[in-house]
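Counting in my numbering, the sequence shown runs from 30 upward without gaps.
Below is one structure; the comments refer to it alone.
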Amino acid sequence: MTVIIIIFRFFKILFRLNKRLEESELHYFNKHLFEQSFVIINYSFKNALYYSFNGKIELTSGIKIFNISNVTNPIRFKVQGFFQSKEYEIQLQISNRLNSVKFKTELDNFQFQLNERKVVTSNYPLTGINLKQIFFGSPKVFIEPIHLEIIQTEYNQTDFL
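Structure follows, in structure tokens:
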């Protein structure tokens, strides 16, 4: 099936005026990677017959995601066009490592002092102040239940057609 698609693309490019292999986009980020991270390669070329990642042929352009632990370093990316090809070598630099070992924090010579706050009291009695009782109540709301009846006839297979 892949050979048929490549032959179809070959004849499609054969009748174009501009047969040159042109890079539309090629984006990837290969720095600050962890051991268990992923590399995302976004690629698109004009007049490309097929793409190849480390010898594996791909027919579609777009986004390809690689797990760093499952791929060889460097990634060899080849684009085959109309009697021309472009090769790219994507180096993966694993520069960060996630340390997930449990640890315990110890504090030596740690001293702190709590500032006490004084409670302000009044020497005057609270005369002449009348406090009302607070009443908490909820409004009485009543929702009447609605009787809903769905009458559905049975369908057979010919009714759907």
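The C-beta atom is built at its ideal place from N, Cα and C for all residues, glycine as well.
Predicted, not measured: the structure shown is a model, and the values here were computed from it.
Alpha-carbon spacing of residue i relative to residue j, whole angstroms
i: L190; j: G84; result: In this prediction, L190 scores a pLDDT of 44, lower than 50, which makes its location untrustworthy; the coordinate-derived value is nonetheless stated afterwards. The straight-line gap from Cα to Cα measures roughly 49 Å.
i: S98; j: N76; result: 32 Å
i: Y153; j: F132; result: 57 Å
i: N125; j: E135; result: 26 Å
i: V100; j: E64; result: 12 Å
i: Q109; j: F58; result: 23 Å
i: L88; j: L62; result: 28 Å
i: P174; j: F164; result: 31 Å
i: Y80; j: Y72; result: 10 Å
i: I86; j: I34; result: 12 Å
i: N144; j: T150; result: 19 Å
i: K147; j: I158; result: 26 Å
i: F37; j: S53; result: 21 Å
i: F44; j: M30; result: 22 Å
i: E183; j: H176; result: 22 Å
Buried versus exposed, by CB contacts within 10 Å (16 or more), residue i
i: V32; result: exposed
i: L46; result: exposed
i: Q140; result: exposed
i: F40; result: exposed
i: L78; result: buried
i: F112; result: exposed
i: F95; result: buried
i: F172; result: Residue identity check: residue 172 is Ile in the sequence provided, not Phe. I172 comes out exposed.
i: I42; result: buried
Nearest residue (CA-CA) to residue i, options the options
i: H56; options: V68, R49, F63, K48; result: V68
i: S114; options: M30, K147, E51; result: E51
i: I104; options: K93, E118, G91, L43; result: E118
i: F82; options: F44, E116, I36; result: E116
i: I70; options: R49, K60, E54, I92; result: I92
i: L127; options: M30, K147, S66, F37; result: S66
Neighbour flag for residue i against chain B, beta carbons, 8 Å
i: L78; result: Looking for chain B here will not work: only one protein chain is present.
Whole-Å CB distance - residue i paired with residue j, under 8 Å assumed
i: N102; j: L121; result: 5 Å
i: F74; j: S90; result: 7 Å
Bridge-paired residues (DSSP) for residue i
i: R105; result: E118
i: F82; result: K85, F106
i: E52; result: F74
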